[in-house]
Each structure stands twice: as structure tokens, then as C-alpha cells.
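Inspection log for the structure reproduced underneath, given as C-alpha cells.
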Amino acid sequence: MKKSIGAFLLCGVSPVAFPGAAYAQTATEAVADADSSQDAVAETGEIIVTARRRDERLIDVPVAITAIDSSTISRTAINGVDALARRIPGLVVGEGGGTVQGGSIALRGISAADTNPLGDQAVSFNIDGVQVARSAVRRVGSFDVAGVEVLKGPQALFYGKNSPGGIISTRTADPTDRFEIGGNIGYEFNADEVRGEGFISGPLADGLGARLAVYGSSMKGWVRNLVPPTDPFATESQRTPNTDEFAIRGTLKYDNGSPFRARLKIAYNNAKDNSSTGNVQMVDCPTGTPFAGGLVADDCTADDRIVQASLGPAFAAITTIIGPLGSPANPSGNPKIAYADFGDGSLRSRTKQWLAGLELNYDLSDNLTLTSVTGYYDLEFFNRANFTSTNRAAAILGSINVLEIREINQEIRLASSFTGPFNFLIGGQYQDSKAVTASIAAFGAIAGQPSVLGPTRPSPFVASNNFLDQDGEAYSFFAQFLVAPIPEIEISAGGRYSEETKRLASVINRGAQLVNAVPFLSNGGNVAKFTDFSPEISISYKPNSDLNIYANYKQGFLSGGFNGGSFNAAGDFSYLPQNIDGFEAGVKSRLFDGMVTAELALYSYKIDNLQVQVTTDGTVQELRNAGKVSSKGAEFSLTVRPAEGLQLYANVAYMDAQYDQYFATCYVGQLTLRPGTGIGQCASQPNPTNNNRVGVLQNLSGTELVRSPEWSGNVGFVYDTPITDSLKLELSSAVTYSDSFITNASSQPRSRSPSYALLDASIRLMDIDDKWEIALIGNNLTDEFYFVRATDNPASSANPTRLADQIASVSRGREVMLRLGFKF
Numbered sequence: 000m001k002k003s004i005g006a007f008l009l010c011g012v013s014p015v016a017f018p019g020a021a022y023a024q025t026a027t028e029a030v031a032d033a034d035s036s037q038d039a040v041a042e043t044g045e046i047i048v049t050a051r052r053r054d055e056r057l058i059d060v061p062v063a064i065t066a067i068d069s070s071t072i073s074r075t076a077i078n079g080v081d082a083l084a085r086r087i088p089g090l091v092v093g094e095g096g097g098t099v100q101g102g103s104i105a106l107r108g109i110s111a112a113d114t115n116p117l118g119d120q121a122v123s124f125n126i127d128g129v130q131v132a133r134s135a136v137r138r139v140g141s142f143d144v145a146g147v148e149v150l151k152g153p154q155a156l157f158y159g160k161n162s163p164g165g166i167i168s169t170r171t172a173d174p175t176d177r178f179e180i181g182g183n184i185g186y187e188f189n190a191d192e193v194r195g196e197g198f199i200s201g202p203l204a205d206g207l208g209a210r211l212a213v214y215g216s217s218m219k220g221w222v223r224n225l226v227p228p229t230d231p232f233a234t235e236s237q238r239t240p241n242t243d244e245f246a247i248r249g250t251l252k253y254d255n256g257s258p259f260r261a262r263l264k265i266a267y268n269n270a271k272d273n274s275s276t277g278n279v280q281m282v283d284c285p286t287g288t289p290f291a292g293g294l295v296a297d298d299c300t301a302d303d304r305i306v307q308a309s310l311g312p313a314f315a316a317i318t319t320i321i322g323p324l325g326s327p328a329n330p331s332g333n334p335k336i337a338y339a340d341f342g343d344g345s346l347r348s349r350t351k352q353w354l355a356g357l358e359l360n361y362d363l364s365d366n367l368t369l370t371s372v373t374g375y376y377d378l379e380f381f382n383r384a385n386f387t388s389t390n391r392a393a394a395i396l397g398s399i400n401v402l403e404i405r406e407i408n409q410e411i412r413l414a415s416s417f418t419g420p421f422n423f424l425i426g427g428q429y430q431d432s433k434a435v436t437a438s439i440a441a442f443g444a445i446a447g448q449p450s451v452l453g454p455t456r457p458s459p460f461v462a463s464n465n466f467l468d469q470d471g472e473a474y475s476f477f478a479q480f481l482v483a484p485i486p487e488i489e490i491s492a493g494g495r496y497s498e499e500t501k502r503l504a505s506v507i508n509r510g511a512q513l514v515n516a517v518p519f520l521s522n523g524g525n526v527a528k529f530t531d532f533s534p535e536i537s538i539s540y541k542p543n544s545d546l547n548i549y550a551n552y553k554q555g556f557l558s559g560g561f562n563g564g565s566f567n568a569a570g571d572f573s574y575l576p577q578n579i580d581g582f583e584a585g586v587k588s589r590l591f592d593g594m595v596t597a598e599l600a601l602y603s604y605k606i607d608n609l610q611v612q613v614t615t616d617g618t619v620q621e622l623r624n625a626g627k628v629s630s631k632g633a634e635f636s637l638t639v640r641p642a643e644g645l646q647l648y649a650n651v652a653y654m655d656a657q658y659d660q661y662f663a664t665c666y667v668g669q670l671t672l673r674p675g676t677g678i679g680q681c682a683s684q685p686n687p688t689n690n691n692r693v694g695v696l697q698n699l700s701g702t703e704l705v706r707s708p709e710w711s712g713n714v715g716f717v718y719d720t721p722i723t724d725s726l727k728l729e730l731s732s733a734v735t736y737s738d739s740f741i742t743n744a745s746s747q748p749r750s751r752s753p754s755y756a757l758l759d760a761s762i763r764l765m766d767i768d769d770k771w772e773i774a775l776i777g778n779n780l781t782d783e784f785y786f787v788r789a790t791d792n793p794a795s796s797a798n799p800t801r802l803a804d805q806i807a808s809v810s811r812g813r814e815v816m817l818r819l820g821f822k823f
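According to numbering that gives the first Met the number 0, the sequence shown is numbered sequentially starting from 0.
Below is the structure:
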């Protein structure tokens, strides 16, 4: 069936993003603060993007981009990047299932370790010009959005410290030139969710405008917790995930027509729910029943049912471990977490984020513009969770996690806009960062009773206790030069030089509570420094304004660093940089006076030292470098407007991504069940990609890369028509498809997320002038469930001779929302 669907998508009408990629932001919206030389472009209604830090028509940019406009986001009630990923083939985003990073993300098969709180991710976010390479920030840019651009492949030249996997660039709405107020509020029936947002915008003085936007949601949850209220470890609610979120953003923009322009944006997000594992469930049990099962057994299927217990009071009373790092006042010896922080054992998490950006532009002349972008990002995260998805007291793994991040960025660039054959952009960037992470995890919720690890490890048995304080500093310099020897050909060349240093000011890792265990303590001396130069060369041929044929060579870089998870202090917990290089070629076209738009992109990348993170010994998170990886594929998109008010669109992506050379950690049970040195077998053997160091390893060379569906795509339509002189109606529907894919970095075969086909549909009744609307919006009406990251259940370490149960945070099921909106 999947081959039939893939063939249908490829041979039918394949991708741009979907109407948003065809519509994207109009030139009128995009060039509001651009040079007057852009006015002619604005009048054409072309799609304008800023992928090369310039306002350019989408068709003119020799880069594979998917652009989604605000109307598309509104039509489908897209609430964040996770839902957006369903519309963009090859983009895989989802909750990490207990990760403190905020989630997992991959684009064209390129990703990085998703559970290391001290490291950046390969696909980064750019929100109003501020670069942040951490998944948690995606919540800050998910409201009052004017448009989203997804840039695919390495983006070393124009964005931050490098983003080897791609960029998700979000532009939030700016102040309007007249007073406006608007908003919407909706109710989603299955999760009992109330969600709304609003804004007020207008001029304050000559050239000065302001905008204030707010967002809020409250949800009981779309998943039912099967633990009965009578259970001594029952949670406060039998619905999950319980979430409450509030966000606010203020914008000031100054542009009075003089050479100087400025824009300031400050956003705050506050989200709380019933822990990062509130929707973590068993998605596969090799024996059919959970190893860590309690009185209520999980059904071991990705669905809308879960078995999740609270922790109880025993963890807060841990007093048996004082040792050289502890004290009577704080026996844990952890500067950020005391055992008392387990409190009553209820499941909780809270995230607070600030994001601020100040952009200053000054026209040195008619053809030279100097730009300064100052960014500030701050994150505070606290989490108290049950990581074993069970109500069996002996198997409950209670954990507290703390993460604090602060980043300050400064970028300066100078861009030309000459009418002749030569133009350039040069600049530099500086980042100062600080990250503090801490965690304590312990097995067993009844004090003094045997834990799941046996009677020699009585509950609560402390399995990990770590604290790391990292300071970072990064410099980079970049330049691009464009030459057009004849009007039809453009050649560009450039690159970015990067230098980054990471220092661990303090490290504590107590390891497991083992007999004669030696705590690890370091007060400095851990320093890692990385340098890189990533070039980029592009050539494009545009015989006319409706056709662009291009080819690129690109390199990308993601710095190495230190593992901030529950690492093994007895070994080397540093890791190497991730490097990527490859080619991309494509065709962008408009046919029949714009009635048809089509794009084709081909790519081939080689990645050295892909950063992956695996779970060993139940609770230990080890960050490794895969030796060599390749990813190649094709993406095609088509949008057709056969009649007024009707759009047909489709997108498809084919991906062939694999480990070319990778000796990975074995998954639980593999040494017993699949011994040997062949592909996918486990044995003690030398690792040729790590100086032939001997370890218990499996050879994954030639096997499938994690989070890399072979086929993915979507097809759909949008139809709007007036029904009276004052009313109009809009109908839309789409089907999104993805092949199955491996979700465990150790390629555990039972961690495969199933293939899925999601049906979305909406109907909107609107005022002819868009002053109000009533909408009924349905997403995932087929009620499919999938996941993007699975891992061994930590309790499985108690039996290393059998395959471990797989746990994961499962996608949201069916959504049906009734929404009211207005704008005046």
C-alpha cells in the first residue's frame, strides 16, 4: 500500500509546501520595510523570502525553500512546528519523550543528539532574525505569525553558528500603519482544549508603530491514563497531557522614510504541564506485556491510552547517600537539586522563556545597508517525571531535571544592492552562552522495598545524579559575493569561518549508587575548542522571470562539546563536531501566466561524525559520533489554480539516508539474541571509526538512518467563493502520508514508528472583508498515532538478556476545533 501511495504522490501532482508554499507571504506583506526599489515587485503579488538576507522573489532564490503564509497557518489551526511538520515532507518533528531539549527534529535525515541539554541541534530556529538551535524555542514563535520559511540542507553562510540540517525561519507580524485589533478563540473537543490569541496594533507617532500580541491555551488532554484513582500512586488527573500556556509579544517598529530603521521584539512564554513524560507510553513490548507492568498493564501500542503513575513521597525522603559530595543540609550533593525537590511526588514541569531581538538598519547610501541584529534568549526548565510509564512501585523511575540556558547574540552585516553585475554581503557574529543542567533519578517508590533492580538495590535506588555548568563563546565571519556576467546567469560564492569554545566550569556525576563507586568531581579544566570554514558556491540560470535552474555546493558544521545527559563519568564524555557537505540542484518554474507553479530539488549529502545519543545501562545517556552518513533524495511540488478561488496542490519527498560507516552501542538484549560481528549483530570488537577502541558494539554500516522516512508527502485543495454580497465560504482538505521510520538511535528494530496517512479538513464562513469568521477545523481525522523518538524503557536494564520495551511520546490524535475570529 505504501508503494502505491508513494507512486500516486510522485506521479500525481507533487510538492511546494501546499497552498502556503504557493502563496507564502505576498510581496506586499514582505517588503513593507524594504527599499523603494522593491515597490515594483510588491505590486506583482510575488512570494518574497529572505533566505539570503535580502528581500527576493521565491523563484529567484537558488535554494530549496518551503514557505507557509499566515492564512495557511490560520486555516489549519497550526499550533507550532510539530503540526507544521505534517505539511512539509522530509521534516520530522515531535516531542522527545522526556528530553529536556524540548523535542526531536530532523530534516532530510539530518539531525543531532536530541537529549543533550548542553548541545545545539542540527536544525535550528530563526525567529525574527534571532538564531536559537534548541527545540524548546519553537513555542515562542508559534503565535501571531506572518510567515514561516523552511530552508533545507546546510545553511552555513547566512545563519548563526551554522545549521547543517536546515533552518526554520519564523517571521512574526509587525505593527500596522493603521489601528487594528483582532483575535480568535477556539475549543477542541477531544482534548477539552481552549485556545486563543489576539493582537492590537497601530501607529504611535510619525514613523513609529507598535503591536501587542497574546496567546493562551488550557487543555485537559487527549490521552486517558488507565491508572485508577484508587491506586496509591494515582495522578491528579486521568487525562494527559494537562497543559496551560501563556505567551505575550511586544513589537516596536520605527521607519519614517529616513535612512535609519529599527525594530524591537520582546516575547515571553510560560508553559506548565504534568511533566515531560506526561504522554510517554509503551509503544512496543517484545513479549506482548510490559516488563515494568503493574496492576494496570499498558497495551504496548501507540494510541490514546497510557499507564503513568505519580512518584509518591518516598523520593523526597532519600537520606541514605551523603558521601563526600553531600552534606546534612543537602545530602544529594547536587548544587541545583535537593532530594526534597521531589516533594509529594506529583508530576510537574514548567518552562519559562524570554526571546528578544533588536534589528537596526542604516542606509549608508542608496546601494549600501548596514544591519545590526542583537538577540537574547533565556530558558528556565524544571521537570519532575516518571520515566518508566508504569504504576508498579518497584519499577517507577522518578527523576528531577533542571535546565537553564542564556544566550546573547550580536550580528553585524553590510549588504549591497547595486544595479550592476556585482553585489556582496559581509558580516560577523558573536555569541556568549551559558548552560546549567542538573538531574537526579532513582528507582523504586516504596522506601526499603526491593527496587526493580533487585533486593541489593532497595528503593529508592539512586541511578544517576549529575550537575554541569558550561560556558560557551563563539565567533564567526561570513561573506558572499554575487556576479552576473550576463543578465541570465548569477554566480555566487562565499563562506563562513567559525570558532567556538566550550568550558565546563563545574561537573558532578555521582553515577549509580554502587558499592565502592567513586563520585566524579571537576572544578574546571574541561575545555573544547572547534574551528571550521564552510564554503558555499551557487550558479543559477534564469532565461526569463518564470524559470530558474540552479545548482549549489554547500558545507555545514555543528560544533562538538560535552555530553550533558546522564553520562558515564568513567569514560570520555566529550564528542566531535558534525560536518556535512554536498550538492543540491533544482528547477523552479511558473507556467501559463502563473496558473501552475512547480519545483524540483535533488540533493546528495555526506555527513561525518553525525551526533547521536543512545541509552545504555537503563539510565545512562551517551552521546556518540556515527562515522559516516549519507542522505540523498528528491523533492517535487506542484500547485495548480485551474479556476478562480480554487487551488490544487501536492508535495512529495523521496529520501535514501543511511549509515555508511557506524559502529554503534548495542541495544538491550542484542548481545544475547544477535551475537556476532555481522551487520546488526553485537559483539566485543574494535571500532575503526574511533581509533580501534574495543567495545561491545554493533555494525550498522549500510542500514537505515534514524528518523528518515523513504516516502512522505501531501495532497489537497483550497476552494473559496462568495455566497452573498457580504459572506464567503472556504473549504479545504488535505491528506498527509509518511512511510514508517526507525526512531531509536541504536536502531532497535522494534522502535519503528508506523506509516500513517492523516486526513485534515476545514470549513470557514467569513465576512467578505475578513472582519469575522466561524470555522470548523479537523486535523488527523483518521485518528492515526505515530512517534519520532523511542528509547528503551529504563527498567529494562534489570534484564539485559531480552529485548527492551520501547517507550515514546505519541503524536496527537484526532482534533476537531470550533473557532470564532474577528479583525477590525
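From the three backbone atoms N, C-alpha and C, an ideal C-beta is built for every residue, glycine too.
- Taken through DSSP and simplified to helix, strand or coil, V131 comes out as strand.
- Between the beta-carbon of V451 and that of A384 there is about 17 Å, and that puts the pair past the 8 Å contact cut.
- In the DSSP annotation of this structure, S795 is not part of any beta strand (DSSP E), being labelled neither H nor E.
- When Cβ pairs closer than 8 Å are counted between the two stretches, the stretch 102–121 is seen not to touch the stretch 658–666, the count staying below three.
- Distance from the CA atom of G555 to the CA atom of Q577, rounded to whole angstroms, is 8 Å.
- N792 sits away from E814, with the two beta carbons spaced by 8 Å or more.
- Rounded to the nearest angstrom, the Cβ distance from I166 to Y158 is 5 Å, consistent with a contact under 8 Å.
- Counting only residues of its own chain and dropping the five nearest sequence neighbours on each side, K727 has a CB closer than 7 Å to the CB of D719, T720, P721, M765, I767.
- Judged by DSSP in its simplified three-state form, F477 adopts strand.
- Apart from the 5 residues on each side of it in sequence, N268 sits with its Cβ closer than 6 Å to the Cβ of R138, V139, A246, Q352 in its chain, given in chain order.
- Rounded to whole angstroms, the separation of the alpha carbons of T389 and T229 is 15 Å.
- Here the C-alpha atom of K553 lies approximately 23 Å from the C-alpha atom of V147.
- The count of Cβ pairs closer than 8 Å, one atom from the stretch 201–208 and one from the stretch 254–262, reaches three, so the stretches are in contact.
- Residue burial is scored here from C-beta neighbours: K770 has fewer than 16 other C-beta atoms within 10 angstroms and is therefore classed as exposed.
- Taking 8 Å as the cut-off, the Cβ atoms of G715 and Y736 do not count as close.
- For Q669, the uninterrupted alpha helix (DSSP H) run begins and ends at 669–672, by DSSP.
- The C-alpha of P88 is placed about 15 Å away from the C-alpha of S110.
- Between A597 and S533 the beta-carbon gap is near 30 Å, outside 8 Å, which marks them as no contact.
- A straight line joining the alpha-carbon of A261 with that of L359 spans about 5 Å.
- For G668, the closest of A803, T781, E643 by C-alpha to C-alpha distance is A803.
- Per the Cβ contact rule, the stretch 408–419 is not in contact with the stretch 166–184 (fewer than 3 Cβ pairs under 8 Å).
- Around T350, the same chain offers A270, F380 as residues with beta carbons nearer than 6 Å, after the five sequence neighbours per side are excluded.
- Around the C-beta of M816, 16 or more other C-beta atoms lie within 10 Å, and the residue is accordingly described as buried.
- Excluding its 5 nearest sequence neighbours in each direction, Q680 has C-beta neighbours in its own chain below 8 Å: Q669, R673, P674, Q697, N698, listed in chain order.
- F259 counts as exposed, since fewer than 16 other C-beta atoms from the protein chains shown sit within 10 angstroms of its C-beta.
- Counted as a single uninterrupted DSSP element, the beta strand (DSSP E) harbouring R260 occupies residues 259–272.
- For the pair of segments examined, the stretch 170–181 was found not to touch the stretch 217–236: the number of CB pairs separated by less than 8 Å stays below three.
- By the C-beta density criterion, D592 is exposed, having fewer than 16 other C-beta atoms within 10 angstroms.
- At the C-beta level, A807 and V122 stay beyond 8 Å of one another.
- The criterion of a C-beta distance shorter than 8 Å is satisfied by S458 and A313.
- Close CB contacts of A492 within its chain, under the 8 Å cut and outside five residues either way in sequence, are with Q479, F480, P534, E535, I536, S537 (chain order).
- A direct Cα-Cα distance of roughly 14 Å separates T276 from S236.
- Distance from the CA atom of M281 to the CA atom of Q747, rounded to whole angstroms, is 14 Å.
- DSSP lists I806 as the bridge partner or partners of M281.
- Going by DSSP, L728 is part of the beta strand (DSSP E) stretching over 726–737.
- Inter-residue distance for D340 and P449 is about 23 Å (C-alpha atoms, whole angstroms).
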